[in-house]
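Chemist: Below: one structure in structure tokens.
There are 4 protein chains.
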Amino acid sequence: MTRRIAILGASGYAGREVARLVAGHPELHTEFAMSARPGVTPAEPELPHDPAILPLDLDRLSQVEGVFVCAPHGAAAGLVHAALEAGTKVVDLSADFRLTDPAVYAKTYGLEHPHPELLPEAVYGLTEHARDDVSNARLVANPGCYPTSISLPLVPLLQAGLIDIDGGIVADCKSGTSGAGASPQARTHFGNVHDNFLAYGVGDHRHTPEIHAHCGTSNIIFVPHLLPVFRGILATLYVRPQEGVTCADVLACLDEAYAAEPFVRLYARGLPELDRVARTNFCDIAARSAGDRIVLVAAIDNLVKGAAGQAVQNMNLMLGLAEEAGLR
Amino acid sequence: MTRRIAILGASGYAGREVARLVAGHPELHTEFAMSARPGVTPAEPELPHDPAILPLDLDRLSQVEGVFVCAPHGAAAGLVHAALEAGTKVVDLSADFRLTDPAVYAKTYGLEHPHPELLPEAVYGLTEHARDDVSNARLVANPGCYPTSISLPLVPLLQAGLIDIDGGIVADCKSGTSGAGASPQARTHFGNVHDNFLAYGVGDHRHTPEIHAHCGTSNIIFVPHLLPVFRGILATLYVRPQEGVTCADVLACLDEAYAAEPFVRLYARGLPELDRVARTNFCDIAARSAGDRIVLVAAIDNLVKGAAGQAVQNMNLMLGLAEEAGLR
Amino acid sequence: MTRRIAILGASGYAGREVARLVAGHPELHTEFAMSARPGVTPAEPELPHDPAILPLDLDRLSQVEGVFVCAPHGAAAGLVHAALEAGTKVVDLSADFRLTDPAVYAKTYGLEHPHPELLPEAVYGLTEHARDDVSNARLVANPGCYPTSISLPLVPLLQAGLIDIDGGIVADCKSGTSGAGASPQARTHFGNVHDNFLAYGVGDHRHTPEIHAHCGTSNIIFVPHLLPVFRGILATLYVRPQEGVTCADVLACLDEAYAAEPFVRLYARGLPELDRVARTNFCDIAARSAGDRIVLVAAIDNLVKGAAGQAVQNMNLMLGLAEEAGLR
Amino acid sequence: MTRRIAILGASGYAGREVARLVAGHPELHTEFAMSARPGVTPAEPELPHDPAILPLDLDRLSQVEGVFVCAPHGAAAGLVHAALEAGTKVVDLSADFRLTDPAVYAKTYGLEHPHPELLPEAVYGLTEHARDDVSNARLVANPGCYPTSISLPLVPLLQAGLIDIDGGIVADCKSGTSGAGASPQARTHFGNVHDNFLAYGVGDHRHTPEIHAHCGTSNIIFVPHLLPVFRGILATLYVRPQEGVTCADVLACLDEAYAAEPFVRLYARGLPELDRVARTNFCDIAARSAGDRIVLVAAIDNLVKGAAGQAVQNMNLMLGLAEEAGLR
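If you want it as structure tokens, here you go:
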């Protein structure tokens with residue numbers, strides 16, 4: 006039986022990627038895709054996975070069972086509220102419900118949280134770490150792309166106590182340009198990205214509080230970089246293991262956490278590369294010894310496992326479908 | 006008065022870049038360019054900066070005053086020896102004379118050093134840190150590209166005692182493909198690099214002993230990555246400052262070290278980007294606070310400041326020319 | 006019921022693309038993938054669509070119903086012969102059975118045709134133009150990538166007599182690097198392709214006789230170019246219409262030919278772009294008036310509609326499956 | 006003796022490229038660079054070739070001897086008028102003075118020509134074809150990038166009567182994105198250009214009347230395409246030679262026209278590639294036989310020979326300097 010969903014904020018990269026995945030999903034159907042910028046003309050000829058983008062009309066939300074909110078932070082919270090009022094399940098791909106403390110939200114995003122009353126029930130949807138809560142949630146806050154690439158390799162090790170947190174954790178992340186959005190701007194002008202590479206947001210990127218909150222420590226230095234590719238994040242993480250902990254211990258811990266997971270692949274040899282995860286929902290992870298540190302390398306497609314794919318994975322659970330449906 | 010130089014190993018990227026720089030140099034002239042692979046046909050029509058590449062003929066070395074050895078490690082040492090015998094000054098761009106200990110060389114490069122008797126007199130030519138020694142040297146070992154991108158920002162801070170070495174230093178470096186050479190291989194096949202990004206050599210890259218030796222500490226974790234660009238290295242360095250040391254202290258230290266340097270540019274605001282240093286001999290450096298760490302970002306063109314440009318800078322000093330000649 | 010197929014020459018780009026498509030095909034199963042270069046280690050971890058690549062063992066061919074031959078020209082013919090002897094259907098992706106005249110083959114490819122006795126029964130498998138013959142064939146010669154991008158827009162117009170052939174036809178084609186194969190070579194070294202663009206094979210490209218033969222005229226000038234992208238061919242074709250023939254007539258003719266075709270999309274407005282056909286089996290076509298000429302623009306993914314996708318489309322017909330199976 | 010010049014419209018790619026070239030010019034000095042968009046912050050640290058960009062102040066024009074107008078069409082004409090009033094020589098890089106007929110200008114650019122009274126004295130500055138007129142001009146209209154890539158190979162052949170114009174001429178041109186300007190827009194958003202390729206402006210590109218006017222025939226079909234590179238235009242031209250005219254005749258004609266030219270290189274073998282002309286003022290040209298046509302391939306850097314380089318070349322002549330000054 007087909008389940009009807011809606012996409013709100015459908016003109017951006019995340020919204021389009023949700024539309025693409027739902028088009029190939031055996032049980033989900035995009036009942037409508039809406040945007041505050043509906044003027045976007047569909048490509049010609051209309052591609053099968055490009056539904057027409059309509060103006061926002063929240064009265065129609067009662068026609069669907071699930072809503073993907075792909076609007077920018079700040080704008081998303083109101084759409085989430087409307088969808089919950091209409092009785093649907095909601096996966097919010099924005100940052101609006103990722104931070105539990107509205108004060109941290111206000112400081113990080115520079116505005117008062119529009120619907121703090123919904124924060125307590127929002128489930129942070131890093132699926133592999135919150136499967137049961139996601140399954141029972143009305144509202145899932147889909148994790149940020151950078152936090153996904155960091156939390157998946159790191160959290161099992163932190164929880165197992167294998168890492169010397171006082172030794173400091175470095176998360177040096179590199180992302181393709183799709184993370185910066187579909188709207189033309191100087192930062193993603195071809196002439197400024199092509200044949201170039203740079204660090205940005207050193208010490209003050211907005212994903213930092215999310216990373217600290219969900220890894221359970223603020224002792225993580227996060228520096229993002231902009232790659233001249235469209236899709237993908239590669240995270241290189243440097244941790245100091247607790248005394249006596251070896252790289253084999255780290256690999257064993259990750260193996261225990263993820264051996265049964267359909268979307269996490271551990272490398273016994275070799276190292277992840279962006280093009281092995283492009284257009285997939287996989288997170289590929291490797292660990293290596295280097296001096297007195299363990300180096301973890303993780304790769305995801307920021308638009309799939311870092312956004313739309315994880316959102317579909319969460320929606321599948323919320324609607325009682327097979328978790329992998331539409332993602333293989 | 007024009008000074009005659011020779012390029013040995015002229016068919017690779019470093020050799021070609023030396024030829025390009027010398028072609029625009031007001032006082033140097035490429036008397037001959039030789040290669041063990043002379044069959045390489047020059048482009049058609051011959052570009053002004055592409056000298057014909059001849060077979061190796063070491064008898065001609067006495068015709069020049071300076072020799073740039075651009076051959077692979079192992080092969081370079083013999084050419085260096087021959088050039089010194091012929092009475093020329095030598096800048097060796099290979100790794101053969103960068104490590105002072107032949108045992109470390111043997112372990113790192115998998116072969117006995119062909120001319121260990123020359124190691125004691127070789128000067129490690131990170132120009133800004135060894136100007137006087139370079140000026141008086143017969144033989145300069147031109148630093149590796151990655152070590153240059155790490156030593157320039159790091160060494161002044163280490164020497165000033167601003168860094169807590171026990172806190173660990175992370176050097177996360179990203180390089181364009183030209184560092185992997187001009188010979189076609191799977192690693193630099195277009196289909197494997199384009200739209201891709203990856204880490205390699207984690208924990209065992211050959212530049213690691215050179216980095217440790219010239220920074221004076223083995224407490225540096227070095228991980229290189231391969232960017233889908235041709236030129237450039239961006240190094241992101243994470244250090245823990247000594248208690249009480251601020252980012253302003255770090256910037257002041259770098260400013261004292263480099264304010265008068267023609268090829269090092271410090272950023273008071275903004276961050277280095279690869280395309281600002283492409284085809285220049287500059288090393289651009291910025292420092293930022295992030296948590297309890299200082300993050301240093303440095304950018305060079307690996308073929309210029311990381312190879313041919315620094316080699317010309319050194320040769321200028323060795324021949325008594327202005328250090329900046331041919332490099333602006 | 007699953008139908009078993011084999012892939013011979015599985016280590017190249019075309020073979021891997023067939024493997025990828027068959028992995029997602031509801032009715033085909035790769036029984037084995039073989040290569041004369043079996044040493045290619047599969048990626049680690051093995052991706053679901055990467056079957057292990059075995060050494061060639063032609064005795065096993067009787068275990069399958071269909072064989073995709075992805076070997077280079079010259080080597081392919083013998084494999085085709087062996088597969089037919091074993092009683093399978095064969096789609097040959099090489100050039101060995103595309104030219105009906107063995108003398109033209111010998112002149113074009115510089116070797117005597119290894120199995121000229123099979124030429125008469127080989128069907129040139131431009132599916133849309135040869136559907137019935139393909140359905141009844143034992144052996145289909147899968148068209149070349151460039152010829153596919155030219156024949157699909159051009160042949161209906163030629164057959165309808167809309168084009169003044171004496172006016173000359175220009176086919177200016179631009180291809181990604183995957184057309185040059187998976188083996189590292191100077192032509193596809195990253196440093197030679199990235200940020201570059203060039204024409205090659207002007208006047209003597211090997212696809213020229215195939216284009217002339219299947220368009221039915223030698224009055225087509227074909228010039229290929231190499232794009233710094235991995236996938237895709239964009240063909241820009243310039244034709245002089247017969248007197249009185251308008252661009253609307255041309256569009257009507259194409260519409261009549263292709264309106265019912267699942268894999269050809271005509272543009273009423275807009276123009277094809279490579280990224281709209283990437284990883285699809287579509288051929289997108291537009292026509293525009295320019296001076297006294299009609300300009301046709303066609304785009305395909307050279308690895309899909311220009312190779313593996315069309316091969317699967319043909320195999321589907323040969324095995325009695327739905328033509329679109331595994332290609333949507 | 007240094008000659009002072011000004012750059013008006015300095016914030017775009019052409020203006021920046023003029024600034025870069027003048028910074029390396031032995032006899033020109035940028036007295037000031039102005040822009041209607043002066044807010045553009047210079048890079049940090051200021052690069053030597055990045056002069057500060059001031060607001061427009063036309064009263065200062067009398068301080069310089071030469072003015073490079075790099076403003077958009079429409080806006081440029083007024084600046085040209087002001088500079089001439091101030092008594093300077095002017096090279097206008099916009100389209101405002103390239104078309105002699107104001108009616109054609111109005112139709113092509115959609116606005117009345119702001120200063121038609123200046124059209125008669127404007128010299129179309131394709132330097133190699135108008136050296137004497139440029140030397141004596143007050144006002145030079147610098148040719149468009151596409152027209153430069155077409156006129157240089159074509160005009161000598163047309164003037165020598167080697168081409169059958171009735172046979173039709175096809176100019177299939179491919180350009181990097183810098184031709185589309187420095188302002189962020191959807192067309193040059195990284196995600197829309199990278200890994201993509203497309204034709205545009207088929208039959209109605211604004212350079213068409215300029216091409217027709219300066220080649221002296223409207224029988225040229227011009228189709229531009231957008232390459233995923235930053236710099237460069239490669240033009241592939243298809244002409245039918247007059248009966249009895251061979252490719253050798255064509256090459257001899259080009260050789261006679263250009264053998265003494267410092268910035269045109271003819272290929273006896275091999276074909277031009279974009280990266281051989283990048284950041285140079287060269288136009289590389291080859292000719293090949295293909296069927297009954299001659300195929301000409303020409304390559305330029307659109308920002309240098311197609312804009313700023315040719316502008317400096319013209320200004321050199323206008324100020325009585327060596328034509329090659331600052332361009333080698």
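Residue numbers (our numbering), protein chains in the order written: chain Z, 6 to 333; chain H, 6 to 333; chain E, 6 to 333; chain P, 6 to 333.
Built from N, CA and C at the ideal position, the CB exists for glycine as well.
None of the values given here were measured: they were computed from a predicted structure.
(1) Hey, out of P:D289, P:D280, P:S154, whose CA is closest to L271 of chain P's CA?
(2) Counting only beta-carbon atoms, is F235 of chain E nearer than 9 Å to chain H?
(3) Could you check what DSSP says for Y243 of chain P in three-state terms: helix, strand or coil?
(4) Please state if the CB of F195 of chain P and the CB of V198 of chain Z are separated by a distance shorter than 9 Å.
(5) Taking Q190 of chain Z as the query, report the chain P residues whose CB atoms sit under 7 Å from its CB, ordered along the chain.
(6) By alpha-carbon positions, which one of E:A313, E:E329, E:A253 ends up nearest to V72 of chain E?
(7) Could you tell me the distance, in whole angstroms, from the CA atom of E90 of chain Z to the CA atom of L231 of chain Z?
(8) When the cut-off is 9 Å and only beta carbons count, does L59 of chain P lie next to chain E?
(9) Of all the alpha helix (DSSP H) runs that stay within the bounds of the region 78-138 of chain H, which reach a length of 4 or more residues?
(10) Nearest by alpha-carbon distance to L116 of chain E: which of E:E133, E:A135, E:C150, E:A81 is it?
(11) Could you tell me which chain H residues have their CB closer than 7 Å to the CB of A303 of chain Z, listed as they occur along the chain?
(12) Quick check on this structure: which residue in E:Y263, E:T213, E:F235, E:G296 has the alpha carbon closest to the alpha carbon of Y243 of chain E?
(13) Could you pull out every residue in the same chain whose Cβ sits closer than 8 Å to the Cβ of R284 of chain Z, ignoring the five residues on either side in sequence?
(14) Taking L159 of chain P as the reference, which of P:R211, P:S140, P:A111, P:I216 has the closest Cα?
(15) Who are the neighbours of S294 of chain Z on chain H, taking C-beta pairs under 9 Å?
(16) Do the region 93-104 of chain E and the region 59-74 of chain E touch if we need at least three Cβ pairs shorter than 8 Å?
(17) Report the CB separation of R65 of chain Z from D169 of chain Z in whole angstroms; it is logged as a contact under 8 Å.
(18) Terminal residues of the continuous beta strand (DSSP E) containing T35 of chain H?
(19) I need the straight-line Cα distance from V128 of chain H to L13 of chain H, nearest angstrom please.
(20) Curious, which full-length beta strand (DSSP E) runs of at least 3 residues does the region 154-235 of chain P contain?
(21) Rounded to whole angstroms, what is the Cα-Cα separation between D280 of chain H and Y205 of chain Z?
(22) By the three-class DSSP mapping on this structure, what secondary structure does V255 of chain H have?
(23) Within this structure, are the beta carbons of L373 of chain Z and P214 of chain Z separated by less than 9 Å?
(24) Of the choices E:Y18, E:E266, E:T153, E:I58, whose alpha-carbon is the least far from that of F227 of chain E?
(25) Quick check on D62 of chain E: does DSSP put it in helix, strand or coil?
(26) Leaving out five residues on either side along the sequence, give the residues of the same chain with a beta carbon under 7 Å from the beta carbon of A316 of chain P.
(27) Considering only residues of the same chain and omitting the five flanking positions on each side of E329 of chain E, which have a CB-CB separation below 6 Å?
(28) Can you confirm whether A183 of chain E, when its beta carbon is compared against all beta carbons of chain P, has any partner nearer than 9 Å?
(29) Who are C75 of chain E's beta bridge partners in DSSP?
(30) Alpha carbon to alpha carbon, how far is A19 of chain P from S183 of chain P? Give it in angstroms, no decimals.
(31) Output, in sequence order along the chain, the residues in the region 194-227 of chain E whose CB is closer than 9 Å to any CB in chain H.
(32) I want to see whether chain Z comes within less than 9 Å of K94 of chain H, judged by CB atoms only; does it?
(33) Look at A88 of chain Z and A11 of chain Z and say whether their C-beta atoms are less than 9 Å apart.
(34) Tell me whether the beta-carbon of H120 of chain Z lies closer than 9 Å to the beta-carbon of V85 of chain Z.
(35) Closest Cβ-Cβ distance between Y18 of chain H and chain E: below 9 Å?
(36) Can you list, in chain order, the residues of its chain whose CB lies under 7 Å from that of A142 of chain H, leaving out five sequence neighbours each side?
Modeler: Here's the rundown:
(1) P:D289
(2) yes
(3) strand
(4) yes
(5) P189
(6) E:A313
(7) 39 Å
(8) no
(9) 80-90, 107-114
(10) E:A81
(11) Within 7 Å Cβ-Cβ: nothing; A303 of chain Z doesn't reach chain H, min ~10 Å.
(12) E:G296
(13) R236, D306, V309
(14) P:I216
(15) V207, G208
(16) yes
(17) R65 of chain Z to D169 of chain Z, Cβ: 53 Å. No contact.
(18) 33-40
(19) 19 Å
(20) 174-180, 225-231
(21) 15 Å
(22) helix
(23) Summary: the structure shown does not reach residue 373 of chain Z, with chain Z confined to residues 6 through 333, and so no result is reported for it.
(24) E:T153
(25) coil
(26) V23, F73, V96, L98, N147
(27) P267
(28) The amino acid at residue 183 of chain E is misidentified as Ala; the sequence shows Ser. Chain P, which has no Cβ nearer than 9 Å to the Cβ of S183 of chain E, makes this no.
(29) None; C75 of chain E has no bridge partner.
(30) 9 Å
(31) H194, F195, G196, N197, V198, H199, D200
(32) no
(33) yes
(34) yes
(35) yes
(36) V128, M323
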